[in-house]
Amino acid sequence: MSHDGELPAAVGTGCESEKQNLDSFRFTVTANPDGHISDVRRIHSEFNSYVDLFHLRESARDLNGYYAGKYDPTTVHEEIAERALFLAHLTGDYPASFLGDFPARIFYLLTHSVHLFASTLRIKLAEALIVLVDTQLIIFDEALPLFMELQTLDDKEITEMIYQQIVFTTTEYHGLLFTNRKFQNVMFSILENERGRRAERVLVTLWQLYQKKLWFDERTANAICNACYHPTERVSTTALSFLLLENDNKKQMIEDDRDHDDSDCNAVDEDHDDGSQLLHPIYLRKSLPNPSSERSNVTYYSPLNHLIDKQEFVETLFRSLQCCTSEVKTLTLKLTARLVGLHQLTLLGFYPFVQKYIQSRKQDAINVLEAVVQACHDKVPRNVIEPLFKEIVNQFVNESSPQEVITAGLNAVREICIRMPLLMNEDLLRDLALYEKANSNAARSLIALFQEACEDVDFSNDVPGDELLQKNDNDDKQESVDYNDSACISTDHENLGTKRKTEDSIKKRKVEEQLEERTLLLCTQKNGMKR
């Protein structure tokens, strides 16, 4: 190479067709490697010359980024890319010492100079690196940190290419425990020690391998869960979203709800900007899970099921919940509640903490209600839940609340009572039944829940509004009754209920005792069935 940085005349000379299409020439060399040793050595020399020229010119750039003299970086990048990919495919046809430091130079270029390359050169060099890994001239676990770094370049083609290579290699070594442990140690080390986007890419890769059940073990599951405490907020948010399946579930829920019932969707007033539209019953039905749905779902194997120390994890998560930012707080709250309900853990400080956020006008009210429901189970002392339970009733089920807010509150009360039926008493149940005018379905389902447990209680006589439960086929044909008439009928029933309460206090006490006895019997039967 000359002192002014120009290529010597000898470099790049040779067959014109070879320079124009090295790919076709590569197949010729592969068919007869021994007959083209001199050509391969020449192309290797050209590659080294172009790389040296690239480094020389980059070091000579001025402060404004301009090059001195005649220099076209695009042409140099193309020449390096073509020769790098050509030589990488031929490394398996020659001894390891034949191309000398070629693998090391590819590794060095991608490690230190990748941000200076055009997109075309990055892709070709990344492909050359993958070929060298396949031929084992570069060890896979040594290339893993570089693979993670290349995925942070916001180049979709490189990201997909490297991801497919990682999946292919881990699949190939799937049955080799020792080899997989080496790969995992590298990934876990990056996730724990890095603070940038590379740690996030490692977390995404671990999650994808876990979902594909290539790394479906406790070590991977706990590494994903422990990322919730990562000092980088972007990494911790990603881990929380993965464990909650936040994006996929929410998107699928919205798509399902749009097609569910147009009449229900029209019940929400779009002019409200207080966040109450988030509490529409159609969303609440999707959000409040069955008490055992997390444990009985066989279609999704959550990393939360593979936690080694569940109690310690949820306590640490709760401590971080009390000092995290508002963006992460909602996700942390939901994950804490899910863990408490999933493994029936005891976290007594969680319920008073959540009680501060029980406000129907807040935008994230639906998330708070969902967390409360998931965190309720029969191993939590009743006196711990009662203040929170009453706060939900006071905040959501009152005369000043919109219809959808009352519906959300009633449905939340019902879901909590499914898990902890002893929280309900007769007076509260009668008061909640009065809201059948606000939402007949929610009040009816709540009454029906306790009618199953208390068959001896005559709700049709004692609970105002319960006539909806006794409708026959003839009543179903009269759905278009005038609102004013129905309001008068409801008022009459309210007066009748009040009169009966004042006249017969002894009957009231007997009904309350029957309600509690039947509820206790139902809980005993359910516990026996679980055992």
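Numbering-wise (this note's numbering), the sequence shown opens with residue 252 and increments by one.
Yeah, the Cβ is synthetic: ideal placement off N, Cα and C, and Gly gets one too.
**Asked** For the candidate residues 340, 351, 276, 378, whose alpha-carbon lies nearest to that of residue 299?
**Response** 351
**Message:** Need the endpoints of the alpha helix (DSSP H) that residue 485 sits in, please.
**Reply:** Taken as a continuous stretch (DSSP letters only), the alpha helix (DSSP H) holding residue 485 covers 484-495.
**Prompt:** Could you give the uninterrupted runs of the alpha helix (DSSP H) lying entirely in the stretch 283-350, keeping only those of 4 residues or more?
**Reply:** 288-310, 324-341
**Request:** Check whether the Cβ atoms of residue 641 and residue 594 sit closer than 8 Å, and answer yes or no.
**Result:** no
**Prompt:** What residue does the alpha helix (DSSP H) around residue 438 start on, and which one ends it?
**Reply:** 428-444
**Asked** For the alpha helix (DSSP H) that residue 650 lies in, which residues bound it at each end?
**Response** Counting along the chain, residue 650 falls outside any alpha helix (DSSP H), and DSSP gives it neither H nor E.
**Message:** At the level of alpha carbons, what is the spacing between residue 366 and residue 309?
**Reply:** 12 Å
**Request:** Please name the residue in 566, 353, 555, 623 whose C-alpha comes closest to that of residue 585.
**Result:** 623
**Message:** Suppose contacts are defined by Cβ-Cβ distances below 8 Å. Is residue 374 in contact with residue 338 by that definition?
**Reply:** Taking 8 Å as the cut-off, the beta carbon of residue 374 is found no closer than this to the beta carbon of residue 338.
**Prompt:** Would a C-beta distance cut-off of 8 Å place residue 399 and residue 452 closer than the cut-off?
**Reply:** yes
**Request:** With distances taken Cα to Cα, identify the nearest neighbour of residue 643 among 630, 679, 443, 629.
**Result:** Taking the Cα of residue 643 as reference, the smallest distance to any Cα among 630, 679, 443, 629 is reached at 679.
**Message:** Tell me the DSSP secondary structure of residue 414 in three-state form.
**Reply:** Looking at residue 414 - three-state DSSP - the assignment turns out to be helix.
**Asked** Cβ atoms of residue 598 and residue 565: under 8 Å apart, would you say?
**Response** Contact annotation: residue 565 and residue 598 have beta-carbon atoms nearer than 8 Å.
**Asked** Any idea if residue 542 is buried or exposed, counting beta-carbon neighbours within 10 angstroms, 16 or more meaning buried?
**Response** For residue 542, the pLDDT reaches just 47, beneath the cut-off of 50, and the residue's location in the model is therefore unreliable, leaving the point undetermined.
**Message:** Give me, in chain order, the residues of the same chain whose beta-carbon lies closer than 8 Å to that of residue 559; leave out the 5 immediate sequence neighbours on both sides.
**Reply:** 469, 473
**Request:** Report buried or exposed for residue 600, applying the criterion of at least 16 other Cβ atoms within 10 angstroms of its Cβ.
**Result:** exposed
**Request:** Look at the Cβ atom of residue 380, then the Cβ atom of residue 361, and state whether they are nearer than 8 Å.
**Result:** yes
**Message:** So the candidates are 291, 284, 357; which of them puts its Cα closest to the Cα of residue 302?
**Reply:** 357
**Asked** With distances taken between CB atoms, is the gap from residue 661 to residue 685 smaller than 8 Å?
**Response** no
**Prompt:** Under a three-way DSSP split, which group does residue 399 fall into?
**Reply:** Here residue 399 sits in helix by DSSP.
**Request:** Determine the extent of the alpha helix (DSSP H) in which residue 783 is found, giving its start and end residues.
**Result:** In the structure displayed, the chain extends from 252 to 782; residue 783 sits before or after that span and is not available.
**Item:** Status (buried if at least 16 other CB within 10 Å, exposed otherwise) for residue 460
**Value:** buried
**Span separating the alpha-carbon of residue 790 from that of residue 454** = The requested residue 790 is not part of the displayed model; the chain covers only 252 to 782.
**Rounded Cβ spacing between residue 327 and residue 392 (contact assumed at less than 8 Å)** = Not really, about 32 Å apart at Cβ, beyond 8 Å.
**Prompt:** In three-state DSSP terms, what is residue 479?
**Reply:** helix
**Request:** If I'm right that residue 478 touches residue 487 with Cβ under 8 Å, what's the distance once you round it to whole angstroms?
**Result:** 7 Å
**Asked** Taking buried to mean at least 16 other C-beta atoms within 10 Å of its own C-beta, is residue 553 buried or exposed?
**Response** Label assigned to residue 553: buried.
**Asked** When the Cα atoms are used, what is the spatial distance from residue 462 to residue 476?
**Response** 14 Å
**Request:** Could you spell out where the alpha helix (DSSP H) holding residue 603 opens and where it closes?
**Result:** 601-606
**Request:** Check whether the Cβ atoms of residue 401 and residue 409 sit closer than 8 Å, and answer yes or no.
**Result:** yes
**Request:** Take residue 430 and list the residues in its own chain whose beta-carbon comes closer than 6 Å to its own, dropping the five residues that flank it on each side.
**Result:** Hits under 6 Å: 424.
**Asked** So, helix, strand or coil for residue 504, using DSSP?
**Response** Annotation note: pLDDT 36 at residue 504 (below 50); position unreliable, coordinate value reported separately. Reduced to three states, the DSSP call for residue 504 is helix.
**Item:** Cα-Cα separation between residue 286 and residue 433, rounded to whole angstroms
**Value:** 40 Å
**Message:** Which of the three DSSP states is assigned to residue 571 in this structure?
**Reply:** helix
**Request:** Please work out which residues of its chain come closer than 6 Å, Cβ to Cβ, to residue 747, disregarding the five sequence neighbours upstream and downstream, and give them in chain order.
**Result:** Residue placement at residue 747 is flagged as unreliable, the pLDDT there being 43, under the threshold of 50; the coordinate-derived value follows with that caveat. Excluding residues within five positions, none has a Cβ falling inside 6 Å.
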